[in-house]
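In what follows, a structure is listed as structure tokens, so that the remarks can point back to it.
Protein chains in written order, with this note's numbering: chain A, 384 to 677; chain B, 104 to 367.
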């Protein structure tokens with residue numbers, strides 16, 4: 384059993400939105416970046432994994448166990464950092480530690496205190512006096528202190544200064560280093576993923592558009608940057624495209640890029656290219672349809 | 104049930120001394136007045152001065168303090184960590200905190216019920232004490248009627264909170280609807296406290312009218328009903344209230360969750 388997290392054909396129906404038949408898996412020892420624009424379904428997916436939101440159909444397994452029937456056993460091994468903090472503003476971090484440690488058998492005070500000391504988190508200061516970055520670090524320290532095997536983070540680096548972001552990313556790298564643990568985190572900051580992620584899962588409008596190892600992005604896709612005259616008749620071959628008056632840049636499958644374009648015009652894509660052009664492609668089609676209808 | 108107790112403990116620990124200042128002052132006032140009521144009742148029992156006039160004064164005081172204690176329970180249940188009132192106004196989001204914990208939704212629902220019970224505990228203790236003392240004083244019916252009003256008030260509010268926190272959760276996702284319910288609770292508590300200024304005269308009036316008209320006046324039956332609730336029947340009613348509240352806020356929601364999630 385190498386997969387620490389498996390999501391199979393999971394659907395959640397809301398009024399006017401649905402997370403539609405999503406499937407992906409996360410292996411031990413890996414960090415998976417979960418990317419998508421606002422409202423794409425990232426947080427809903429995370430909440431379904433934690434069973435905080437009920438799924439309409441499908442199957443979610445963690446550590447090879449069903450996430451509902453073995454909820455307690457599974458959550459004992461999970462560390463979670465939500466996008467919005469769960470702190471009681473007028474309380475202190477020390478009180479939150481006392482509350483949280485009641486539930487975990489493996490709670491490690493030494494580790495927690497070391498993390499707090501390293502991140503300069505005052506235990507007796509009121510939470511409302513904490514900055515956004517301090518709150519994120521505090522939640523991360525709380526999530527790590529019970530020695531989880533899977534970390535689920537919802538935009539953990541948002542609001543952190545560059546130094547703190549690098550610190551957090553280093554911690555995530557170290558966390559998975561023994562090959563037995565994994566990290567699943569959603570983010571908008573794709574440069575963070577370039578630094579640490581092993582896998583990328585892209586969700587758009589409730590559907591998984593891509594879930595692949597980070598190395599496979601450049602094997603599968605290419606960026607073409609060329610003059611607008613080269614685009615004639617090939618526009619529909621692109622996943623997403625941005626056109627200027629003279630030049631264009633677009634994401635395209637590598638085999639198509641090799642077929643249609645000169646090698647000098649082909650560049651290697653990064654995660655941001657994948658995210659932006661996948662979303663851009665659809666938006667462009669929709670906006671063109673609106674313009675035509677006017 | 105152990106996990107439910109732990110959740111309750113965690114919610115109290117997290118909130119710690121961060122309760123609203125107003126709520127803390129309210130807590131102190133409530134306990135002081137509860138103490139005063141109990142002392143005055145005990146004193147009345149010892150000196151055996153339960154004549155008509157004293158009872159009227161005592162009844163008025165009881166209604167006011169009782170309303171306050173019951174209102175306190177409701178206020179407390181609004182501001183505890185289990186509240187789902189929107190995050191910005193409640194400044195606490197225990198549900199998000201609990202999402203990560205190795206507990207099931209069943210534990211959270213049970214903890215929520217324990218939380219409601221804990222909130223109304225002062226009111227229940229005070230009312231049971233009042234009922235026992237009044238029964239032992241063997242006074243006329245009027246004192247029991249005052250207590251009956253409080254028991255009825257507590258039962259209605261408790262069941263409303265149970266419905267709101269339990270069954271309503273599955274039908275009204277919109278927090279605004281639920282906030283309105285809370286505002287209604289608070290206003291109702293305040294209303295009872297203020298209206299009771301002239302309440303004692305009203306009850307005496309009801310009784311006179313009811314006695315003179317005997318069974319022909321519907322107020323007579325209301326008075327008899329309240330008299331029942333203010334007597335030993337009130338203790339039985341409070342017990343029944345707890346059982347019905349358990350079904351509304353705990354048993355039925357758990358059944359719904361288990362049905363939805365395909366658990367046994």
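Ideal placement from N, C-alpha and C gives every residue a C-beta, glycine not left out. Predicted model, so just to flag it, every value in this text is computed and none were measured.
Straight-line CA distance for residue i to residue j?
i: residue 258 of chain B; j: residue 106 of chain B; result: 28 Å
i: residue 192 of chain B; j: residue 253 of chain B; result: At residue 192 of chain B, the pLDDT of 40 sits below 50, so the modelled position is not reliable; the number obtained from the coordinates is stated separately. Going by the C-alpha atoms only, they are around 30 Å apart.
i: residue 210 of chain B; j: residue 467 of chain A; result: 23 Å
i: residue 220 of chain B; j: residue 262 of chain B; result: 11 Å
i: residue 400 of chain A; j: residue 229 of chain B; result: 50 Å
i: residue 620 of chain A; j: residue 655 of chain A; result: 20 Å
i: residue 565 of chain A; j: residue 534 of chain A; result: 6 Å
i: residue 616 of chain A; j: residue 585 of chain A; result: 28 Å
i: residue 313 of chain B; j: residue 233 of chain B; result: Low confidence applies here, because residue 313 of chain B scores a pLDDT of 48, under 50, leaving its location unreliable; read the following figure in that light. In a straight line, the C-alpha of residue 313 of chain B is about 24 Å away from that of residue 233 of chain B.
i: residue 609 of chain A; j: residue 596 of chain A; result: 28 Å
i: residue 416 of chain A; j: residue 650 of chain A; result: 22 Å
i: residue 201 of chain B; j: residue 640 of chain A; result: 49 Å
i: residue 184 of chain B; j: residue 224 of chain B; result: Because the pLDDT at residue 184 of chain B is just 45, under 50, the model does not fix this residue reliably, and the point stays unresolved.
i: residue 562 of chain A; j: residue 614 of chain A; result: 45 Å
i: residue 576 of chain A; j: residue 342 of chain B; result: 58 Å
i: residue 391 of chain A; j: residue 214 of chain B; result: 32 Å
i: residue 389 of chain A; j: residue 227 of chain B; result: 49 Å
i: residue 423 of chain A; j: residue 402 of chain A; result: 8 Å
i: residue 117 of chain B; j: residue 604 of chain A; result: 49 Å
i: residue 623 of chain A; j: residue 434 of chain A; result: 35 Å
i: residue 484 of chain A; j: residue 522 of chain A; result: 13 Å
i: residue 187 of chain B; j: residue 327 of chain B; result: For residue 187 of chain B, the predicted model reports a pLDDT of 43, less than 50, meaning its position is unreliable; a value from the coordinates is still stated below. Each residue's Cα considered, the two are about 39 Å apart.
i: residue 629 of chain A; j: residue 410 of chain A; result: 44 Å
i: residue 189 of chain B; j: residue 581 of chain A; result: No answer about residue 189 of chain B holds up, because its pLDDT of 38 lies below 50 and its placement is not dependable.
i: residue 216 of chain B; j: residue 203 of chain B; result: 20 Å
i: residue 553 of chain A; j: residue 207 of chain B; result: 33 Å
i: residue 358 of chain B; j: residue 601 of chain A; result: 50 Å
i: residue 518 of chain A; j: residue 549 of chain A; result: 16 Å
i: residue 579 of chain A; j: residue 646 of chain A; result: 29 Å
i: residue 398 of chain A; j: residue 456 of chain A; result: 32 Å
DSSP puts residue i in a beta bridge; with which residues?
i: residue 584 of chain A; result: A:417, A:594
i: residue 608 of chain A; result: A:632
i: residue 449 of chain A; result: A:444
i: residue 408 of chain A; result: A:389
i: residue 537 of chain A; result: A:569
i: residue 621 of chain A; result: A:635
i: residue 649 of chain A; result: A:607
i: residue 401 of chain A; result: A:396
i: residue 475 of chain A; result: A:509
i: residue 462 of chain A; result: A:534
i: residue 626 of chain A; result: A:631
Compute the beta-carbon to beta-carbon distance between residue i and residue j, rounded to the nearest angstrom, for a pair I have assumed lies under 8 Å.
i: residue 347 of chain B; j: residue 231 of chain B; result: Their Cβ separation, rounded to whole angstroms, is 18 Å, which puts residue 347 of chain B and residue 231 of chain B out of contact at 8 Å.
i: residue 538 of chain A; j: residue 569 of chain A; result: 6 Å
i: residue 698 of chain A; j: residue 611 of chain A; result: Because chain A here runs from 384 to 677, residue 698 of chain A falls outside it and cannot be looked at.
i: residue 486 of chain A; j: residue 205 of chain B; result: 6 Å
i: residue 657 of chain A; j: residue 593 of chain A; result: 7 Å
i: residue 418 of chain A; j: residue 431 of chain A; result: Actually they are not in contact, since the Cβ atoms of residue 418 of chain A and residue 431 of chain A sit about 17 Å apart, beyond 8 Å.
i: residue 544 of chain A; j: residue 516 of chain A; result: 6 Å
Could you check whether the segment 104-117 of chain B touches the segment 635-642 of chain A, counting it as contact only if at least three pairs of C-beta atoms, one from each stretch, sit closer than 8 Å?
no
Contact set between the segment 202-232 of chain B and chain A, restricted to residues whose Cβ is under 7 Å from the partner
202, 203, 204, 205, 206, 207
Quick check: the segment 351-359 of chain B against the segment 254-267 of chain B, are at least 3 beta-carbon pairs closer than 8 Å?
The segment 254-267 of chain B vs the segment 351-359 of chain B: in contact.
Taking only beta carbons into account, state which residues of the segment 479-498 of chain A come closer than 8 Å to chain B, listed in chain order.
479, 481, 482, 483, 485, 486, 487
Three CB pairs or more closer than 8 Å across the segment 504-514 of chain A and the segment 473-492 of chain A
Short answer: they touch.
Would you say the segment 445-464 of chain A touches the segment 520-530 of chain A, given that touching needs at least three Cβ pairs under 8 Å?
Between the segment 445-464 of chain A and the segment 520-530 of chain A there are three or more inter-stretch CB-CB distances shorter than 8 Å, so the stretches are counted as touching.
Can you list, in chain order, the residues of the segment 509-527 of chain A whose Cβ is nearer than 7 Å to any Cβ on chain B?
none
Are the segment 477-496 of chain A and the segment 546-561 of chain A touching, with three or more C-beta to C-beta distances below 8 Å?
no
Closer than 9 Å, Cβ to any Cβ of chain B: which residues of the segment 452-464 of chain A, in chain order?
452, 454, 455, 456, 457, 458, 459, 460, 461, 462, 463, 464
At a Cβ cut of 7 Å, what residues of the segment 432-447 of chain A count as close to chain B, listed as they run along the chain?
Listed by position, the residues of the segment 432-447 of chain A near chain B (Cβ gap below 7 Å) are 433, 435, 437.
Along the segment 104-117 of chain B, where does the CB come closer than 9 Å to a CB of chain A? Name the residues.
Close to chain A, meaning a Cβ-Cβ distance shorter than 9 Å, are the following residues of the segment 104-117 of chain B: 106, 109, 110, 112, 113, 114, 115, 116, 117.
Going along the chain, which residues of the segment 322-344 of chain B sit with their C-beta nearer than 8 Å to a C-beta in chain A?
none
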